[in-house]
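**Student:**
2 protein chains.
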Amino acid sequence: MNGACAVARTLVGSGVEVCFANPGTSELHFVAALDDEPALRAVPCLFEGVAAGAADGYGRMTGRPAATLLHLGPGLGNGLANLHNARRAATPVVNLVGDHATFHKRYDAPLESDVDALARTVSGWVRRCGDASAAGTDTAQAVAAAIGTPGQVATLILPADVSWSGGARPAPPVAARPPATVPEQTVAAVAAALRTGEPAAILLGGAATRAPALRAAGRIAAATGARLLCETFPARLERGASLPAVERLGYLAEGAMAQLDGVRHLVLAGARAPVSFFAHPGLPGLLVPDGCRVHILATTADDIPGALGHLADTVAAHTPAVLPAAGRPALPTGALTAETAAAAVGALLPEGAIVVDEANTCGLWLPGATAGGPRHDWLTLTGGAIGQGLPLAAGAAIACPDRPVLCLEADGSAMYTISALWTHAREELDLTTVVFANRSYAVLAMEFQRLGTPADGPARRDLLDLSRPCLDFVAIARGMGVPASRANTAEGLTAQLRQALSEPGPHLIEAVVPALF
Amino acid sequence: MNGACAVARTLVGSGVEVCFANPGTSELHFVAALDDEPALRAVPCLFEGVAAGAADGYGRMTGRPAATLLHLGPGLGNGLANLHNARRAATPVVNLVGDHATFHKRYDAPLESDVDALARTVSGWVRRCGDASAAGTDTAQAVAAAIGTPGQVATLILPADVSWSGGARPAPPVAARPPATVPEQTVAAVAAALRTGEPAAILLGGAATRAPALRAAGRIAAATGARLLCETFPARLERGASLPAVERLGYLAEGAMAQLDGVRHLVLAGARAPVSFFAHPGLPGLLVPDGCRVHILATTADDIPGALGHLADTVAAHTPAVLPAAGRPALPTGALTAETAAAAVGALLPEGAIVVDEANTCGLWLPGATAGGPRHDWLTLTGGAIGQGLPLAAGAAIACPDRPVLCLEADGSAMYTISALWTHAREELDLTTVVFANRSYAVLAMEFQRLGTPADGPARRDLLDLSRPCLDFVAIARGMGVPASRANTAEGLTAQLRQALSEPGPHLIEAVVPALF
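Printed below as a string of structure tokens:
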């Protein structure tokens, strides 16, 4: 058995079922190995950023890693932005990167580059497989590294001759690092802080944004009056009228500071102490208010739901969580804006939907419009590297073929990984994409307003404006095999969204909205 | 003056005229600075790989660097593949990467990553500007590093607070490293080797593929019988009936070995000793034949045209170069294939054209069909990182607005950086793109044939096939504002190509051809 076959067989034995692939010559033996492993589904991606983002979406929804298949340093380079997002999401990913044959690297051939250095910037675990005989065990360890607590990107670099050489054999699964149990005294200390009656907030992150932990957190909040917040960009936030409502920490420092104003005890459950997304002249980077004590209940290496459950049993034994008022917005009419578009989404959101949110400034009203709706998952831009949405949605749809996926995407961000639409079509994914076309990098216009600099100038106009020409997402989507339409009114959007959600397969709706900034 | 203004002013003073930009929040002050520098043209790109590839194309055609403007680690990551190609092309590029404010990095905010490590993989020079007072001098040194001999990617990392802080001032240009003069005795030794009458070849690279050096090399070849070869993927090869013909070294080891078979003296002028692009089981990596002596006439750090001129004066004082037979292929008719498409290109190639060649397997007949045509430049995929063509063509068109640019692009490669088409439209570039749609990663099918593995299998079919659905490049191009048409016959291609070349502005033609493998 050659190394590539041992890698593929080991992946299957370790529970890996999907490989998001953009292979090149040095990965051919692995492609051939996939032919012999029908349990490992090969999903073609036309760009490595699509493969990486899809692996992230798949891992967020299943808790199990997908494999990628990338081609040397440049292929890994193209995948780095979405691997960065996966790293910030603590998503398990087995990142397979082919490389030149071991004996070929000395020649500095045209595609030679420092794959290891690139891999280290996004991976919690990196190994270069040196010999076919190690291919199986290295792969098993990569899977274990990926699915440990917290999840991470585990990069296995596979030289071409390791893949093609014989003498390899598959390896059995390796145990992954389990979550650590939070000590009794930590829970007791947090309970004591919450019982002081002083203003408190609980900041949820990682596994704390999933249903079991949310229910516990909701009880704690109800019993103690602590405010329930979560990270600005949660990897996977479960939401809807049947779960306690959680406010996301604001993206702008001003907003987050207002949310945390007066808090004397900040309890961290799977989240880190809040910092501003970007530095801003004259604003603090660390957003913990003066005089506020920070209590770490659980880190991402811990059993977060267990710790919250224990804390709930301690401080809220008989208190139920407060649930949001159930209800949906009315179907909007009239002008199509970010606000009416959000109402359309809220009005029509299907039960069990997976919402991928890269709507950026156009998404301002989305959380409010969906909070009281049916149960759903909300996946966000964890690492801030735009170009995530379309790939992430592909991975989520492959992870959960029985659930509708709704990808809410900004026009500027969509263009970074637009070829993901072809994968939507090829894999016949049940996935509706709404592109909010405000024809602007509006978030930058907003930041200029915050800076108080003059609102206009020739370079600024050229670099922030996405018209001249306008992007026609209907044409682009159809060009990649995705049925598409354009909405210019609220009625148009609701009709098109209703239709897209009622049909299987991918759809794209271009929702033309004015820029907010 | 703030740091950003000092950077922009210094760039202008050092001769930088274009900035290919995809900025984010941390680059806003630089964007504002561009408003005050009309001599520094800001070109918006919808993806960093477009900005990087365009800077490469611009630098190859002018010999002067363009600046990029990229957003933190993920933005640099998206640009790495085309910066890798620029590195292999020895193109001068001033790669500006914004980063978090110096005081914000400690917080490990979501977009934080190891920018420096990423930059080192593609850059000959990396500096992190630590203070606004150094912004001007650091910028001047970055330009000098970029335009030294050989050219290189010089990355300047600009923290947001360096950009927004005052106390900066522009710096005057810094002298760049000039080419070294090749010693007399080196030229004499090579002359002696060539005069032995033993079979010899001259391998040209870097500046040796430009007209002055080619003319000298042609005289040397004519006088000594040495074979004239150049690197497989030259950065910029000047060609046409008025220049000596140069064979490019074959992409496959088998081909290159045949070209070099029997050679006893291999003279390197700006090229390195030839190695195979990929390792292949049973084939050598180093392609210098047994018993062949390698003579280094000039490295990329040397005055290559000077050395070749000196050698020509030594061995070929009165011998003119042999020029290729002038002539073009007849206008093709009938079925559209890679071969008839090449004939169409050869028949219609405009005088002074810049040809960007990322046609891959579809490009097999292109060099032959154009060798005897009018003078033109041929830009190739120096680093093997696909997704170069559309961005490179944009940069070349901006560099040379008075010359027609013809971008010959494979369908698979086109999709990596397809949003470059929008920049073609926005900047109204005189640029005709022909996408060869063979609907396959045919180069991988060819490699499977070379390996002698079974030709088919489910994963292989899924991963190499680009149909199901077919990409409609006409729709995609129109969706980005580029007029487009589809050719299914040779007559159709010639008519559409003639029309596109006769009109200003961008065009795209999808040429549907069968896959060769």
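So the sequence lines, in the order shown, correspond to chains A and B. Going by the working numbering, the first residue of the first sequence is number 1, and it counts up by one from there. Going by the working numbering, the first residue of the second sequence is number 1001, and it counts up by one from there. The beta carbon of each residue, even a glycine, is placed where N, CA and C say it ideally should be. The structure presented is a predicted model; accordingly, all values stated were derived computationally and were not measured.
1) Would the stretch 1076 to 1094 of chain B and the stretch 1116 to 1129 of chain B be scored as touching if the rule is three or more Cβ pairs under 8 Å?
2) Do LEU381 (chain A) and ALA271 (chain A) come within 9 Å of each other at the CB atom, strictly closer than that value?
3) If you compare alpha carbons, which of A:ALA8, A:MET1, A:GLY3 and A:ASN2 is closest to ALA1459 (chain B)?
4) Would GLY481 (chain A) pass as an interface residue toward chain B - the criterion being a Cβ-Cβ separation below 9 Å?
5) For the beta strand (DSSP E) containing ASP1357 (chain B), list its first residue and its last residue.
6) Could you tell me whether any Cβ in chain B is nearer than 9 Å to the Cβ of HIS104 (chain A)?
7) Per the DSSP calculation, HIS1265 (chain B) is bridged to which residue(s)?
8) Would ASP303 (chain A) and THR139 (chain A) qualify as a contact pair, given that the criterion is a beta-carbon distance under 9 Å?
9) Kindly indicate which residue of A:PRO44, A:CYS362, A:THR62 and A:ALA175 has the alpha-carbon position closest to the one of VAL435 (chain A).
10) Write down every uninterrupted run of the alpha helix (DSSP H) in the stretch 30 to 82 of chain A whose length is 4 residues or greater and which is fully enclosed by it, in chain order.
11) Checking 9 Å against the spacing of the C-beta atoms, do THR1068 (chain B) and ASN1085 (chain B) come in under that value?
12) What are the uninterrupted segments assigned as alpha helix (DSSP H) that are 4 or more residues long and contained completely in the stretch 421 to 459 of chain A, given in chain order?
13) On a CA-only basis, which of A:PRO178, A:CYS230, A:PRO199 and A:GLY197 is nearest ALA213 (chain A)? Give me that one, please.
14) Please state the DSSP three-state secondary structure of ASP1377 (chain B).
15) Answer yes or no: does any C-beta atom of chain B fall closer than 9 Å to that of PRO469 (chain A)?
16) Which of the residues in the stretch 447 to 460 of chain A, read from start to end, lie with their CB under 9 Å from any CB of chain B?
17) Could you pull the start and end residues of the beta strand (DSSP E) that THR10 (chain A) belongs to?
18) Does the distance from the CB of LEU518 (chain A) to the CB of VAL275 (chain A) come in under 9 Å?
19) Does any C-beta atom of chain A lie closer than 9 Å to the C-beta of HIS1507 (chain B)?
20) Apart from the five residues just before and just after VAL443 (chain A), which ones in its own chain have a Cβ nearer than 7 Å to its Cβ?
21) Mind pulling the alpha helix (DSSP H) runs of 4 or more residues that sit fully within the stretch 280 to 340 of chain A?
22) Would you list, in chain order, the members of the stretch 118 to 137 of chain A that have their beta-carbon closer than 8 Å to a beta-carbon of chain B?
23) What does the alpha-carbon distance come out to for the pair LEU323 (chain A) and GLY218 (chain A)?
24) My understanding is that ALA1500 (chain B) touches THR1432 (chain B), with C-beta atoms under 8 Å, so please give their C-beta distance in whole angstroms.
25) Could you name the residues of the same chain whose beta carbon sits closer than 7 Å to that of TRP1422 (chain B), not counting the 5 residues immediately before and after it, in chain order?
26) Note down, in chain order, all residues in the stretch 1260 to 1289 of chain B with a beta-carbon under 9 Å from any beta-carbon belonging to chain A.
27) Return the chain-ordered list of same chain residues with a C-beta closer than 6 Å to the C-beta of ASP1142 (chain B), the five sequence neighbours on each side being excluded.
28) According to the Cβ coordinates, are ILE1220 (chain B) and ALA1316 (chain B) closer than 9 Å?
29) If you draw a straight line from the alpha carbon of ARG1403 (chain B) to that of GLU1238 (chain B), how long is it in whole angstroms?
30) What residues from chain A crowd round ASP1035 (chain B), counting only those whose CB sits closer than 7 Å?
31) If we call anything under 9 Å between Cβ atoms a contact, is PRO244 (chain A) one with ALA321 (chain A)?
32) In the DSSP assignment, find the beta strand (DSSP E) that holds SER485 (chain A) and state where it starts and stops.
33) So which residues of chain A does TRP1164 (chain B) contact, with C-beta pairs closer than 7 Å?
34) Assuming PRO1178 (chain B) contacts GLY1013 (chain B) under a Cβ cut-off of 8 Å, what Cβ separation, rounded to an integer in Å, is found between them?
35) What separation, rounded to the nearest whole angstrom, lies between the Cα atoms of ASP131 (chain A) and PHE103 (chain A)?
36) Per the DSSP calculation, PRO1159 (chain B) is bridged to which residue(s)?
**Tutor:** In brief:
1) yes
2) no
3) A:ALA8
4) yes
5) 1353 to 1358
6) yes
7) B:ALA1200 and B:ARG1293
8) no
9) A:CYS362
10) 48 to 62
11) no
12) 442 to 451
13) A:CYS230
14) strand
15) yes
16) GLU447, PHE448, LEU451, THR453, PRO454, ASP456, GLY457, PRO458, ALA459 and ARG460
17) That residue, THR10 (chain A), is in no beta strand (DSSP E); its alpha helix (DSSP H) goes 3 to 13.
18) Residue 518 (chain A) is absent from the model: chain A starts at 1 and stops at 517.
19) no
20) ASN360 and THR361
21) 304 to 315
22) LEU118, ARG120, THR121 and VAL122
23) 8 Å
24) 4 Å
25) LEU1046, MET1480 and GLY1481
26) ARG1272, ALA1273, VAL1275, SER1276, PHE1277, PHE1278, ALA1279, HIS1280, PRO1281, GLY1285 and LEU1286
27) Per the sequence presented here, residue 1142 (chain B) reads as Ala, with Asp not at that position. Excluding residues within five positions, the ones whose Cβ falls inside 6 Å are VAL1094, ALA1154 and LEU1156.
28) yes
29) 14 Å
30) GLY457, PRO458, ALA459 and ARG460
31) yes
32) 484 to 487
33) PRO281
34) Going by Cβ atoms, the distance from PRO1178 (chain B) to GLY1013 (chain B) rounds to 20 Å, so no, they are not a contact pair.
35) 12 Å
36) B:ASP1099
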